[in-house]
Ligand code: DON
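In our numbering, the protein residues as written are 731 to 1304.
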C-alpha cells in the first residue's frame, strides 16, 4: 500500500551531506530526515500520525513533531514553516491562509490569517485615469501584496499546540541555513520564474543564480534563516515589528509599494466559526467567509443531494452534467454575494439553506447544457499556487490548512535582506466590477477593495465526519478550482465509494459560471467529453487541477494518507 518514488541517487549527492543535528531525526523507526536525500511517498497507512503536504521534507518535519510528543497543531505549524523554506512557490511567511480543525473533544476551530488590504489601498487603485484596469499591477510586484497573515496565524494556532514554538521553527531554520536539495519540478519552476524575480525584486535573491537550476542542486536561504530566527526569538513581533517589518517597508519604498509599519503592526488573525452542514449522512465542516469555499461546497453538494448521483456512475455524462450545473449556479452566487464578512454582509444562512439551494436548481434541465447568460446569481432578500496540508494525530485531532502566496512565488518580490517572497493576493479582490482576475473570477461590490478588508478566497480546507466520528481531512490549491476539487473529492468518496487515493487522483473537471465552459484534465473520459459536447457544453482541456491532500479513516482505525500524484506532494507519519 506504500508507493515510494526515490528522488536522488545517493552517490551523486553524498558529497553534499551535512549532518543537520537539530533537524528532528525520526519520522518512524529508522527514518532520518535528511534534506539532501529524501523520497516522495504518495500513499501510506498510518495508525497514529499522518501528514500529507506538498513536499516530503515538510511532511516529515510535521510527523517528527508528533513523534516528539506534539499534536496535529504542532505538526501544522512546523509543516507550514518548513514549506515556506522547501516549497517557496506557495509555502510562505509572506502570504496567508486558513486553518480549520476539529479537536478530538469535538470543538471546531477556524483561524483566518488571510492577507488584508493595506490602509493606503483603495477601490480604484489598479485603474488608470480613464477607469481601465492597468494590467498586471495587482498580479506582480510591490503593489500586488496584501499585508501578510501567516505568522499571525501560526501564533494564533499556538494555544492548541503542545511544544514550544522555538522547537517547531527549528527545522525550517536549519533547512534554510544549511540548504536542501531541490526536485526537478522545483528546478524547472525556479528557472521559469527567473526573469520575474529579477524584474520585481530590488535586491539579489537566493532564488536566482547565474546558471540554471537543476534537480539535485542545493538551495540555501541565509536571509530567510535570519528572518526565521528573529521570529523564533521575538515571536510574532519578530515579523510584524522590528527588523523584519523595517525590511518589508524598505522593500516597499524601493518598489512603490504601500504596506506600512502600521499595517504590519495592526494585522491580526481572526477566529471564524466554521460552516457545518449534512451531506448524505455525513457532517461536512468547512471554512466560512472570507473564504467562498465552504459556501460553494455547501451549495454544490446540497444541489446534487436529491439526485442518486452514485447510481449515475463516476464521470458519466449524467453525473458530470448534474455536477457542472451545480457548479455554474454556485459560482454565479460567489461573484455576487461573497466577500469579507467584516465589510460586506454575506447572506451565509440563505446561501446554505435547503429552500434557496433547491430553488436555484429549479431550471436544471438534464438533457441540455445550461447557459451562464441565463443563470445569474440568485435573488436574496434578507435583513495556480497555493498549498494544502492535511494532518491527523493519535488523539484524533484533525487539522486542514490551506495557505498561499496566490500565484506561484506570489508577487515575485523577495523582501530585500529578509529573504522571503511576498504574496500577490490583492488580485483576489475584484479590481473592477465584472473584470476577471487571474483565475477568471469576476465580482463586484461584495469583493471591492477597501483598506483593511480581506480579499475573497476560494481556499476550502475541509473535514468530513461519519457517525459523528473523524472520517476525512481534505483540501487543495488551485485558485477557483479549489471548491470544485474538494466537492469532487467528497462526491468520489461518499457517492462513488472510492478510497482516498482514487478520490484524489481521478481526473477532475471544473465550471465556474464565467467563462461558460467546462475545463477538464487531459485524462478526463473522452466518451463523456463527446457526449457533453453533443449536449451543448463547451469543453476545454487544461493542465492539472489542484494538488489534493487527503486522509481517510478506515474501518480498522488506520488512516489512509494520500498525496496528490500531480506534484512532489508526499506523506509521512507513523
Ligand atoms: O485564495 C485564493 O482563492 C487564491 N489566492 C488561491 C490561489 C491558488 O490556489 C493558486 N494555486 N494553484
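A virtual CB, placed ideally from N, CA and C, is assigned to each residue, including glycine. Fair warning: this is a prediction, and the values are worked out from it, not measured in the lab.
- Where residue 923 is concerned, the enclosing alpha helix (DSSP H) starts and stops at 914 to 930.
- Rounded to whole angstroms, the gap between the alpha carbons of residue 876 and residue 1288 is 41 Å.
- Straight-line measurement puts the Cα of residue 1277 at about 20 Å from the Cα of residue 793.
- Membership of residue 1199 in any alpha helix (DSSP H) is not indicated; the residue belongs instead to the beta strand (DSSP E) covering 1199 to 1205.
- Proximity of the beta carbon of residue 1189 to the ligand DON is indicated: a heavy atom of the ligand is located closer than 7 Å.
- DSSP places residue 762 in no beta strand (DSSP E); its state is neither H nor E.
- Between the alpha carbons of residue 1090 and residue 1198 lies a gap of roughly 29 Å.
- Taken in chain order, the complete alpha helix (DSSP H) segments of 4 residues or longer contained in the segment 1159 to 1230 are 1211 to 1224.
- Residue 1021 is bridged by DSSP to 1187.
- As the crow flies, the alpha-carbon of residue 841 is around 15 Å from that of residue 1188.
- Judged by DSSP in its simplified three-state form, residue 1105 adopts coil rather than helix or strand.
- Residue 1282 has 1202, 1290 as its beta-bridge partners, per DSSP.
- Looking from the CA of residue 1296, the closest CA among 1237, 1127, 774 belongs to 1237.
- Counted as a single uninterrupted DSSP element, the alpha helix (DSSP H) harbouring residue 972 occupies residues 972 to 984.
- The C-alpha of residue 809 lies about 25 Å from the C-alpha of residue 995.
- Three or more Cβ pairs closer than 8 Å define a contact, and the segment 1003 to 1021 meets that threshold against the segment 829 to 846.
- Placement of the Cβ of residue 1158 at a distance of less than 7 Å from at least one heavy atom of the ligand DON is found.
- When Cβ pairs closer than 8 Å are counted between the two stretches, the segment 1177 to 1195 is seen to touch the segment 1121 to 1134, the count reaching three or more.
- Distance check between residue 917 and each of 948, 1168, 1214, 869 places 948 closest, using alpha-carbon atoms only.
- Put simply, the segment 963 to 971 does not touch the segment 847 to 858. Fewer than three CB pairs are less than 8 Å apart.
- Nearest Cα to residue 1262 within the set 1299, 1200, 1100, 1274: 1100.
- About 6 Å separates the beta carbon of residue 1304 from that of residue 778, a gap short enough to meet the 8 Å contact definition.
- The C-alpha of residue 1044 is placed about 20 Å away from the C-alpha of residue 1279.
- With contact defined as three or more Cβ pairs closer than 8 Å, the segment 923 to 935 and the segment 955 to 970 are not in contact.
- Counting along the chain, residue 964 sits inside the alpha helix (DSSP H) bounded by residues 952 to 964.
- If you ignore the 5 residues before and after residue 886, its C-beta comes within less than 6 Å of the C-beta of 841, 999, all in its own chain and listed in chain order.
- The Cβ atoms of residue 989 and residue 978 sit closer than 8 Å to each other.
- In its chain, beyond the 5 residues on either side, no residue has a beta carbon closer than 8 Å to the beta carbon of residue 860.
- According to the DSSP secondary-structure assignment, residue 1074 is paired through a beta bridge with no residue.
- DSSP, reduced to helix, strand and coil, places residue 775 within a strand of the structure shown.
- With fewer than 16 other Cβ atoms inside 10 Å of its own Cβ, residue 1092 counts as exposed.
- Residue 1136 has its Cβ nearer than 7 Å to a heavy atom of the ligand DON.
- Taking the Cβ of residue 1166 as the reference point, every heavy atom of the ligand DON lies at 7 Å or farther away.
- Cβ-Cβ distances below 6 Å link residue 795 to 804, 805, 808 in the same chain, with the five nearest sequence neighbours on each side left out; the list follows chain order.
- For residue 1120, the closest C-alpha among the options 1255, 1283, 936, 1203 is that of 1203.
- Judged by DSSP in its simplified three-state form, residue 805 adopts helix.
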